[in-house]
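Peer 1: Each residue of the sequence shown is one higher than the one before, counting from 103 in my numbering.
Please see the structure below; I have some questions.
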Amino acid sequence: MFKRIVSVAILALAVAAPPAARAQDEPSAEFRDAREQFVAGHQRQAANLLLMSSLYLREQVGRSHEDATRAKLLDAESQVEKLGYAVRAGSVASVKVLDRTCMAIDRLLARHHLQMVSWVIERPRDGDVPDAARDMERAAFHFTRALTLDGSALPPEPAAAIADARALAKEIAELKAIPRRAPQVVATLERLVTATPAVIAAMP
Numbered sequence: 103m104f105k106r107i108v109s110v111a112i113l114a115l116a117v118a119a120p121p122a123a124r125a126q127d128e129p130s131a132e133f134r135d136a137r138e139q140f141v142a143g144h145q146r147q148a149a150n151l152l153l154m155s156s157l158y159l160r161e162q163v164g165r166s167h168e169d170a171t172r173a174k175l176l177d178a179e180s181q182v183e184k185l186g187y188a189v190r191a192g193s194v195a196s197v198k199v200l201d202r203t204c205m206a207i208d209r210l211l212a213r214h215h216l217q218m219v220s221w222v223i224e225r226p227r228d229g230d231v232p233d234a235a236r237d238m239e240r241a242a243f244h245f246t247r248a249l250t251l252d253g254s255a256l257p258p259e260p261a262a263a264i265a266d267a268r269a270l271a272k273e274i275a276e277l278k279a280i281p282r283r284a285p286q287v288v289a290t291l292e293r294l295v296t297a298t299p300a301v302i303a304a305m306p
């Protein structure tokens, strides 16, 4: 109960922050900053960033249209929250623990944002188009970090798909419409997002 009260207090601080400050948190949970703080030996700062990240995941639960994805996001929220408290308690000895958890959750977030784009493609409404542009960019962001958080380089095929996704996000935002090529771009990125880490690692 105490932990949840702390989390709610952190959320209240985030909501109270000026819009410009909150915008700096977009479009992701703060996994990279949390990792940097952990590596630097600043466990408390790393833990606070992870707890903030768990609240970002809860926000995405409310956006999802997929029951299975909502359940996975809720589980991910719990994982990150537990990780945050474990880091604060000093019971996480290796940064690999953070990498393993955060990179898996970034893949989940990438898939979630792609689903949100697909929802708009299948049910186009003018008011939802700006969200599709943002979700496309966020999918690219999270997938990039899912592959690079631990210092790994992006393989060429995912790099090309991510670049195409970002170009599409910009195109949607500028046109205020969904281009015909959008379903193919989404499908290509989703194929890579759902590939196992071993398959990605084996790519030339």
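Glycine included, each C-beta is placed from N, C-alpha and C at the ideal position.
If you're wondering where the values come from, they're calculated on a predicted model, not measured in any experiment.
Mind checking Leu151: buried by the 16 CB within 10 Å criterion, or exposed?
Peer 2: Flag for Leu151 reads buried.
Peer 1: Kindly list the residues whose CB is nearer than 6 Å to the CB of Trp221, restricted to its own chain and excluding five residues on each side of it in sequence; keep chain order.
Peer 2: His167.
Peer 1: Tell me the rounded alpha-carbon separation between Ala275 and Arg190.
Peer 2: C-alpha separation (whole angstroms): 40 Å.
Peer 1: Could you tell me which of Ala195, Glu292 and Arg160 sits nearest to His144, measuring between CA atoms?
Peer 2: The shortest Cα separation from His144 among Ala195, Glu292 and Arg160 belongs to Ala195.
Peer 1: Which of helix, strand or coil does DSSP assign to Arg209?
Peer 2: Three-state result, Arg209: helix.
Peer 1: Could you round the C-beta distance between Leu153 and Gly186 to whole angstroms and report it? I think they count as a contact, below 8 Å.
Peer 2: Right, the Cβ-Cβ distance comes to about 4 Å (below 8 Å), so this counts as a contact.
Peer 1: Compare the beta carbon distance of Leu270 and Arg283 with 9 Å and say whether it is the shorter of the two.
Peer 2: Closer than 9 Å, so yes.
Peer 1: Determine the burial state of Ala304: buried for a count of at least 16 other Cβ atoms within 10 Å of its Cβ, exposed for fewer.
Peer 2: Classification of Ala304: exposed, given that the 10 Å Cβ count is below 16.
Peer 1: Using the beta-carbon count (16 or more within 10 Å), is Arg124 buried or exposed?
Peer 2: Below a pLDDT of 50, predicted positions are generally treated as unreliable, and Arg124, at 37, falls in that range; no measurement from the model is reported.
Peer 1: Applying the criterion that 16 or more other CB atoms from any shown protein chain within 10 Å of the CB defines a buried residue, is Glu180 buried or exposed?
Peer 2: The displayed chain sequence assigns Ser, not Glu, to residue 180. By the neighbour-count rule (16 or more Cβ atoms within 10 Å), Ser180 is not buried but exposed.
Peer 1: Specify, as a first and last residue, the run of the alpha helix (DSSP H) that Met238 falls within.
Peer 2: Val231 to Thr250 is the span of the alpha helix (DSSP H), which, as asked, contains Met238.
Peer 1: Taking Cβ positions, are Ile223 and Pro299 nearer each other than 9 Å?
Peer 2: Contact flag unset, no.
Peer 1: Quick one: what's got a C-beta closer than 6 Å to Arg160's C-beta in the same chain, skipping five residues either side?
Peer 2: These residues qualify, in order along the chain: Glu179.
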